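Protein chains in written order, with this note's numbering: chain A, -7 to 326; chain B, -7 to 326; chain C, 445 to 775; chain D, 445 to 775. Ideal Cβ placement from N, Cα and C applies to all residues, glycine included. Model, not experiment: these values are computed from the prediction.
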Ligand SMILES: Cc1ncc(C[n+]2csc(CCOP(=O)(O)OP(=O)(O)O)c2C)c(N)n1
Ligand SMILES: Cc1ncc(C[n+]2csc(CCOP(=O)(O)OP(=O)(O)O)c2C)c(N)n1
Ligand SMILES: [Mg+2]
Ligand SMILES: [Mg+2]
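Spelled out as structure tokens, the structure:
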């Protein structure tokens, strides 16, 4: 979030609050928009994102659903077809598997199967990631799977600006857009200009310029990667840090241009290593920047194990700044 | 299937028949084994694989299920825990999304979450792939997703030997094993030794040796890749063709050794390009054989579109021998 | 479903002729499709509706133009009864770009914005949540529409059936659930798939009113659907219809039909919806043989025109392969 | 559930003392867990069972050692009532390798092969298919076992509930489905999640016998569970129990409880299963105050011993991180 141009009045806020303000603004801006999901209303959102919105907008527009992931996601698709602009919240990516059929076989395919007649202007938000000791069934990072599917757009806001600004752009998009919010970011504090608003959603962002190595991350791992860059800077290594922001489409042009300058890259991803989104990024660099590379592209991903409950094991399973820095050093040694 | 050592008596058979014989043998060998799934019994299997088995083994062991993918896959997991050795058939990978939660959150995690107490000796078979003009909801190749999940083993028999031999080994494995049978292979004919039986399931196979470029494929794309190799041979290019066989774990040693010799590689995969299993293979080559590479690793995957119904568009969306050969030539030009 | 003033089916001669004509249009269209499949003009899966025509035709009588329809992979009948142009449907079967889905979908994915025909879904049970959402949109926007959602009895076992019925009933959404109980899901007989084979009783578990009707009797289906639709329009929430019917042909053209007796099929054919209704019409002199023949002739001509249209259609250029994946923003 | 000869709950003093003791073991264990959570000894989600103890304790009385149990993320009570050693459960809460799941699972993933305790499932509804499969294995192998499957009323909305009940009823499998209706799923009240709030009536749609019981009355729960288990053992197929109960604490320790009144909670506490049963025992002189105090003391000592065990436990070495992912072949 450094490097933002001087803005009118800044206010200290959190990622959670930024998402909440974005939802509220969307509800105020378009009466076709409503929020639907488990415990978004009376409970206030499982991560307290929608707290207070029920009182302001009522139960029609802040719509608590039964525990029926497939049906309420499908109902969101149908409501979008019927002229609404729904925001469907799936509590976490872990439960999204129960709705995956609707997302892959209906939301992503309808426009195509209908020969261009039926687009699905739907936004699905969900929390993702590990770090809260919630163990094997509640710690997945499966956004990479969604990034595999033609017909979807997939976003991963990692900053307050993006948490605040991606939703409006996603809602304006005529296609189904998925937004992944990393659970460890909700409490992140920072400054946001008072007039913060919609942001572009197709491009990666260089969060830290550097000349020696390109570190590519998104969502929850961005901040670990920026921390690794600080460590490296202290050693005299200037890392460029790219925040993917959009996981589908991938902004491979920004990546290739950066690697063209630095000639080295490490991809960081909280998904399990094998079949991770990081693999795709590595393969893209292979295809688009092979002749620029001075060393093999490294990957820092989660260990190939269901996430264990105890903190020391959970942390050992996840990408950490030290491992990222080490992978960067390895590309420089090569 | 060339290069097999001279066997006692060979018999002409099909891939479908090889799978059927393997199932029958498993049912005869172990009374804990049963086959369960939609239309495996009275209908005879949607691809006619289990035809005749109901008459031989009865409805307890050739168990037709209601259309309840999540419940009968979960029931398979439970039955495995309870001492059975079930073979669960999900008609096609397209419907497996409805059971994905059970596979990812239960089958794959139980051993770990229980601290090693509860393993799940379950085999899940399903058909995968496109080519039959079944359009956007019935043509997925999502085996790469399963290959992402720790706790699972994932197989893709591409030959008659493997169709015949992988099941027994999978059933003997104490872990959940998924077997993906490509729909276009069921009618494939060939010879099989009369004494064909169990095969090893952890290693890739070199289906065609060659020195100039390594072509890596699996399942339905293996035969297209072998066809491409023939084309290339006519041009004087000797391609080595690797059949992955096991998608999880990946036998990266065989791949790296081959690429170490040929210094060039192309990965072929019927999944959509972005986030494909081919990306993982490419990234692994990057990591394990970068310094051997004389050209960037190529990928030939499906186009980023839900599979269209008309044949000309469907074929254009899928990997084809000519595109594979072209990608191989590109690595040689580089 | 009582209390609401249902539009009474009008047993006028023109209306009866319409019912017969609609059923015949579906029947002859599909018989031609079966031939075209043998000729490899149509490919992929082809699921024929033959035997079940009274359901789609009867139910559609209760729908207004602004209502919506969600169907399955066995949906040619629904599409035609709903008013899609037969040539566009036939061109879709061929995969030609003049097809109602530009040829991208084929037999299982018939779509049409003009008639609010939302497919054409090849995932069993997959259409139910969609129907719930369409009805939710109508309700939230204060529109009077009804969404009719067709599915087979096999779909009843899917979790999405349960979730969708509950959601519709809980939120009192204007959905007309129409279960076409043809006794088989591919080769699986109902008694092998449901512990409660009396399907319409399932609706009770959601406090949803339901009725069972002879799905081979087009007049009965229409009457019941009119009642149900009226109840929905009167704000009485979703309604459930179980239509007892039978498919005369194989599940798809790959099906060897090992799971049922020829005799059973023949017995049902004696109750065929067209046969029975046609006989009743002529026996009661509501329609003359000559009028029936005239309808048959018109339908035959319509089918042949549809085939000619499809034959004359064009293939979408391969260069357009990756079109229709995302809609450009602002569209 | 009639007809089968149910084991009548024996209202002997020792048995009544056992019921009380079991409920107290759960209550005191969990009260201690809540403290330990504040001290950050326990992390992740902690879902307390406090208020619902009569259900687990009552139902477990009907189970034999060879029976199986499937529970949810709110399963400490079930684990303790089933007979898992309290120290191993507490060590699991800490994440120590002496825990019943080697510490890998934590609060939501209690497992134990010795007592056939199959978790500990954090996916709402996810345990139901598993229970069906365990029962299928018993039936196919001719074993007499019953599989008890516990879940909340929130899980009833999930597709897996529907699919599992149908499968169990269709195949007449020995499953005892126990729905713990505590009126809320996180913050969602039952009336906001089900169109039919009379949960046990849902079983009718599957032709599955069901009963509703006061889940705050341990004797009533036991009696009903004994009847149901006897029916299952007599080959009458799966049975369904709805236990009406209430959770006294927040959903998890993150829950600000915005969705219900303090007064409602207090009113339910007056019917608390331990309070009520304890009073009844002493008022009817089935147990003396001194006996109750002795039980309390024993339980307190057991809980402290469990804490001490957990405290003294060890962390699994980081080098073992990727263990327990696959079992080596031949094992
Ligand atoms: C989720 C899913 N599972 C399986 C299939 C394969 N399949 C296609 S149609 C069918 C039978 C459906 O039966 P029913 O719902 O009764 O409809 P009918 O075909 O009788 O019209 C099956 C099993 C599918 N398309 N989708
Ligand atoms: C599939 C799924 N969706 C959502 C959640 C989040 N969640 C955990 S517990 C819970 C409420 C479940 O309520 P109920 O079944 O009544 O059980 P209770 O917590 O009352 O014991 C929810 C929504 C989850 N764990 N799994
Ligand atoms: Mg049917
Ligand atoms: Mg509850």
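In the DSSP assignment, residue 613 (chain D) falls within the alpha helix (DSSP H) that extends over 603 to 614. Rounded to whole angstroms, the gap between the alpha carbons of residue 315 (chain A) and residue 300 (chain B) is 44 Å. At a Cβ-Cβ threshold of 8 Å, residue 491 (chain D) and residue 654 (chain D) do not count as neighbours. In the three-state reduction of the DSSP assignment, residue 540 (chain C) falls in the coil class.
By the rule of a C-beta closer than 6 Å to any heavy atom of ligand 4, the residues picked out are D:596, D:597, D:598, D:626, D:628 and D:629. Shown here, residue 109 (chain A) sits in coil according to DSSP, grouped into three states, outside any helix or strand. Chain A has no Cβ within less than 8 Å of the Cβ of residue 70 (chain B).
Here the alpha carbon of residue 535 (chain C) sits roughly 15 Å from the alpha carbon of residue 519 (chain C).
Per DSSP, residue 261 (chain A) lies in no alpha helix (DSSP H) segment; the continuous beta strand (DSSP E) that holds it begins and ends at 257 to 264. Contact with chain B is found for residue 271 (chain A), since one of that chain's Cβ atoms lies less than 8 Å from the residue's Cβ. Residue 567 (chain D) belongs to the set of residues whose beta carbon lies under 8 Å from a beta carbon in chain A.
Under the three-state reduction of DSSP, residue 93 (chain B) is assigned to helix. Inside the segment 145 to 178 of chain A, DSSP marks whole beta strand (DSSP E) runs of 3 or more residues at positions 145 to 147 and 169 to 174, from first to last along the chain. If you check the CB distance, residue 629 (chain D) and residue 564 (chain D) do not come in under 8 Å. Not a single heavy atom of ligand 2 lies less than 7 Å from the C-beta of residue 638 (chain D).
DSSP places residue 593 (chain C) in the uninterrupted beta strand (DSSP E) bounded by 591 to 596.
Taking residue 294 (chain A) as reference, the option from A:317, A:230, A:281 and A:270 with the minimal CA-CA separation is A:270.
Spanning the alpha carbons of residue 75 (chain A) and residue 648 (chain D) requires a straight line of approximately 38 Å. Here residue 84 (chain A) is near residue 118 (chain A), since their CB atoms are less than 8 Å apart.
The CB of residue 552 (chain D) comes closer than 7 Å to the CB of 127 in chain A, given here in chain order.
Rounded to whole angstroms, the gap between the alpha carbons of residue 249 (chain A) and residue 773 (chain C) is 26 Å.
In the structure shown, the three-state DSSP call for residue 524 (chain D) is helix.
Residue burial is scored here from C-beta neighbours: residue 719 (chain C) has fewer than 16 other C-beta atoms within 10 angstroms and is therefore classed as exposed. Setting aside the 5 residues that flank it on each side, residue 173 (chain A) is surrounded in the same chain by 119, each with a C-beta closer than 6 Å to its C-beta; the list follows chain order. Residue 31 (chain B) has its CB nearer than 7 Å to a heavy atom of ligand 1.
Taking each of B:44, B:99 and B:236 in turn and checking the Cα distance to residue 702 (chain C), the smallest one comes out for B:44. Under the Cβ criterion of 8 Å, residue 703 (chain C) is not counted among the residues facing chain D. Listed by position along chain C, the residues whose Cβ is nearer than 7 Å to that of residue 649 (chain D) are 640, 645, 646, 648 and 649.
A direct Cα-to-Cα measurement between residue 168 (chain A) and residue 526 (chain C) gives close to 28 Å.
The CB of residue 143 (chain B) comes closer than 8 Å to the CB of 769 and 770 in chain D, given here in chain order.
If only uninterrupted beta strand (DSSP E) runs of at least 3 residues are considered, those enclosed by the segment 193 to 258 of chain B are 197 to 200, 205 to 209, 231 to 235 and 238 to 240. Cβ proximity to chain D below 8 Å picks out nothing from the segment 181 to 194 of chain B. In this structure, ligand 2 has a non-hydrogen atom nearer than 7 Å to the beta-carbon of residue 566 (chain D). A Cβ-Cβ separation of about 6 Å places residue 681 (chain C) in contact with residue 613 (chain C) under the 8 Å criterion. Look at residue 83 (chain B): its beta carbon is less than 7 Å from one of the heavy atoms in ligand 1. Taking 4 residues as the minimum length, the alpha helix (DSSP H) runs contained wholly in the segment 644 to 685 of chain C are 662 to 677, in order along the chain.
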